[in-house]
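**Student:** Would you mind keeping the following structure in view while I ask a few things?
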Amino acid sequence: MFHKAKSAIQIAALTLTFFLPFATAIMVETFSTSITERGKSTPLLFGPRGDRFDLTINSLFFRGDHSSELSMADFQLLSEENRGIMVPVSLGFTARKFPVIGTTVDYFTVRNITPKLGTIPLMLGEAVLGSECAKSLAVQIGGHILTDQVNLYDLSASYPLKLKVVGVLNQTNSADDNVIFTSIGTSWVISGLGHGHESIDQETENDKLLSKTKKQITANASIEQFIEINESNINEFHFHSDPALLPITSIIAFPKSKKDGTILKAKYLRHQKIQPLEPNKVIGELLDVVIRLKRLFDSSYALTTLAAVLFLTAVILLSLQTRKRETKALFLMGCSRGTICMIFSAEIMILCIFSILFALLGAYVITFLGSDILQLLR
Amino acid sequence: MKESLIQIRNLNFRYPKSNFSLSVPELTINKESKVALIGKSGCGKTTLAHLIAGILNPTEGNILVSGKNLCSLTESERREHRAANVGFIFQEFELLNYLQVKDNLLLPFMINRKMEITNECKDRAHSLAESIGISDKLNQYPEQLSGGERQRLAIARALVTDPSIVIADEPTGNLDNETALTVMQEIIKQSTEKGATLIMITHDESLLNLFENTINVGDFSKTY
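Chains as they are written, first to last, in this note's numbering: chain H, 4 to 381; chain A, 1084 to 1307.
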């Protein structure tokens, strides 16, 4: 029992020593491939002037906060260039902790995302779930999810909106799997820029009104706000702002050709408000940092491995010391020193072989689960 | 009259960088005899036993075992000779706890590349296990055996190669008188049955009447 336990501990220590560098290398490779692919599949990105890393991570991976915004007028401006498909993206809200992304139907077409069940969101108040998001939330089509309150203590803030789930997307192994998509209009409703309430007219009771003239009726806070958009109240939803001023986070551009892309980029390079980016290049810069970090990890692992090997050597030497009598008995019985060395070497070899096998098995599993693990880390 | 098995002539032995020396002008040990090596601690009992077994090579003189001069053999030849002709019983028995009883029995064959584990060896091991009463425990581990069974297993292991010499290095050193007598009787019984010459290193004078010859090794040794 003692020998079995000792061997198991030695194998576990060696397995971890061999496995960690393997696993890190595989995870970094999976991560690099995953984010590089996302960058490659996004030819151009337009956003407000500011940190290009923040903008890229916001718009491609739906992570982090964004401070400044573009408007639908900017989107209009780019679309009128007629040099490719422009897709507006509106971020900043969550539903049960998952990011809610407001966009247009074009997003699904250009990213080649198809619904596994149901449809993509076409109407105000509809939502479609990314595959991982659907698994986590376990909401059926036809079910509802409530958006998260932005600030519980802000009484003037918009109410959470009850979104109707109309579809679940196929898995893409990208950031799209972990989000909830809605129409761009729905994202404005969530932000409070659009809303719906019971109709106000000359017949409305006076206790629901602040003021009433022949030209204008102003309701007070007691008027019923709709927290859900459905067929019966959809016509009551409206925006009080100029549609051109409604905000978006960024615009993902899919130019018709490389030339169109170059012209678009060049045209907005010195634009006061809009910043053009090539996500592939920005991600390349980010990856440089990751790879430098990996090199740091690699040297750290090399030292850790050396320390582990030295510890194990000490353990083996101590083990040989405690087995000195056994060694002597074997020698007296006619066992050659070479054979004794072979027996002990074979024991160490067996430990190493099992450890390497377990480490490779772990690495093999990581190869398949790498993207899932990255999903968990997101 | 018994035939002589071991003949020592003008033997001199000194450990390098040591002030101890052993000189045996003449010593003969007969086949199938039971000899006790006695003497004070450090007088050279184990050294003499190791010289007879071919573990140590004398500085001068000859040691003949069955007519073969061990001093003319190379180290590997002496090792092969030892593996084939000498069985050892140790004070702590030195059974390998990570091997089953049957593998402990066959250990002398397993550790010597020139000795194959034939069916004959296995039969001999089985019959020895039967004769010492552990044949039903062959698949167990030494830790699962009682103290007496472990002692008998160690005796059986020393005899499994059918050696002409059995060297027992104080196998009763840690035992009470009664148990020591039982173990010693078992060793003598088994080695007699197998026709082996028994050379026992002991401090216990109460057991000396069990032996045909007693050699006081202190008579041969000198410390400068």
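Where is the CB? At the ideal position from N, CA and C, for every residue including glycine.
1) Along the segment 318 to 350 of chain H, what residues have a CB closer than 7 angstroms to any CB found in chain A?
2) Which residues in chain H sit within 7 angstroms of residue 1173 of chain A, going by Cβ to Cβ distance?
3) According to the neighbour-count rule (16 or more other Cβ atoms, all chains shown, within 10 Å of its Cβ), is residue 258 of chain H buried or exposed?
4) Could you name the residues of the same chain whose beta carbon sits closer than 8 angstroms to that of residue 280 of chain H, not counting the 5 residues immediately before and after it, in chain order?
5) Determine which residues of the segment 1172 to 1199 of chain A have a Cβ less than 8 angstroms from any Cβ of chain H, and write them out in chain order.
6) Helix, strand or coil: which one does DSSP assign to residue 233 of chain H?
7) Is residue 114 of chain H helix, strand or coil by DSSP?
8) Just the chain H side, please: which residues come within less than 7 angstroms of residue 1165 of chain A by C-beta, in chain order?
9) Distance cutoff 7 angstroms, beta carbons only. Does residue 1162 of chain A sit that close to anything in chain H?
10) With 16 other CB atoms within 10 Å as the buried threshold, where does residue 224 of chain H fall?
11) Taking residue 1158 of chain A as the reference, give the member of H:334, H:357, H:359, H:222 with the closest Cα.
12) What separation, rounded to the nearest whole angstrom, lies between the Cα atoms of residue 1294 of chain A and residue 350 of chain H?
13) Run through chain H and tell me which residues come within less than 9 angstroms of residue 1217 of chain A, C-beta to C-beta.
14) For residue 141 of chain H, which of H:171, H:128, H:61, H:65 has the nearest alpha-carbon?
15) Quick one: residues in its chain with C-beta nearer than 6 angstroms to the C-beta of residue 193 of chain H, no 5 flanking neighbours on either side, listed in chain order?
16) Give the residues of chain H in contact with residue 1138 of chain A, contact being defined as C-beta atoms less than 7 angstroms apart.
17) Mind checking who residue 89 of chain H pairs with in its DSSP beta bridge?
18) Taking residue 75 of chain H as part of the alpha helix (DSSP H), name the residues at either end of that continuous run.
19) Is it a yes or a no for the segment 112 to 127 of chain H touching the segment 295 to 309 of chain H, going by three-plus beta-carbon pairs under 8 angstroms?
20) With 16 as the cutoff for other CB atoms within 10 Å, does residue 278 of chain H come out buried or exposed?
21) Report all residues from its chain with a CB closer than 8 angstroms to the CB of residue 1242 of chain A; omit the five preceding and five following residues, and keep chain order.
22) Among H:130, H:346, H:101, H:166, which residue has its Cα nearest to the Cα of residue 139 of chain H?
23) Pull up the distance between the alpha-carbon of residue 1227 of chain A and that of residue 137 of chain H, whole angstroms please.
24) Looking only at its chain, what residues have a beta carbon closer than 7 angstroms to the beta carbon of residue 89 of chain H, apart from the 5 residues adjacent to it on each side?
25) Could you list which residues in chain H have their beta carbon closer than 8 angstroms to that of residue 1159 of chain A, in chain order?
26) Are there three or more Cβ pairs, one per stretch, closer than 8 angstroms when the segment 266 to 277 of chain H is compared with the segment 5 to 22 of chain H?
27) Contact between the segment 1189 to 1199 of chain A and the segment 1217 to 1237 of chain A is defined here as three or more beta-carbon pairs at a separation below 8 angstroms; is this criterion met?
28) Please state whether the Cβ-Cβ distance between residue 132 of chain H and residue 183 of chain H is less than 7 angstroms.
29) Hey, how far is the Cα of residue 1112 of chain A from the Cα of residue 1141 of chain A?
30) Among H:356, H:365, H:367, H:319, which one has its Cα closest to the Cα of residue 344 of chain H?
31) Just how far apart, CA to CA, sit residue 73 of chain H and residue 250 of chain H?
32) For residue 308 of chain H, name the three-state secondary structure that DSSP assigns.
33) Hey, quick one: how far does the beta strand (DSSP E) through residue 278 of chain H stretch, first residue to last?
**Tutor:** Reading it off the structure:
1) 328, 329, 332, 333, 335, 336, 337, 338, 339, 342
2) 332
3) buried
4) 47, 48, 49, 50, 55, 58, 59
5) 1173, 1175, 1177, 1179, 1180, 1181, 1190, 1191, 1194, 1195, 1196
6) coil
7) coil
8) 337
9) yes
10) exposed
11) H:334
12) 43 angstroms
13) The premise fails here: residue 1217 of chain A is roughly 19 angstroms from chain H at the closest Cβ pair, so nothing lies under 9 angstroms.
14) H:171
15) 96, 150, 164
16) 335
17) H:256
18) 75 to 82
19) no
20) buried
21) 1170, 1211, 1249, 1273, 1274, 1277, 1279
22) H:101
23) 57 angstroms
24) 78, 81, 82, 254, 256
25) 339
26) no
27) no
28) yes
29) 18 angstroms
30) H:319
31) 6 angstroms
32) helix
33) 277 to 280
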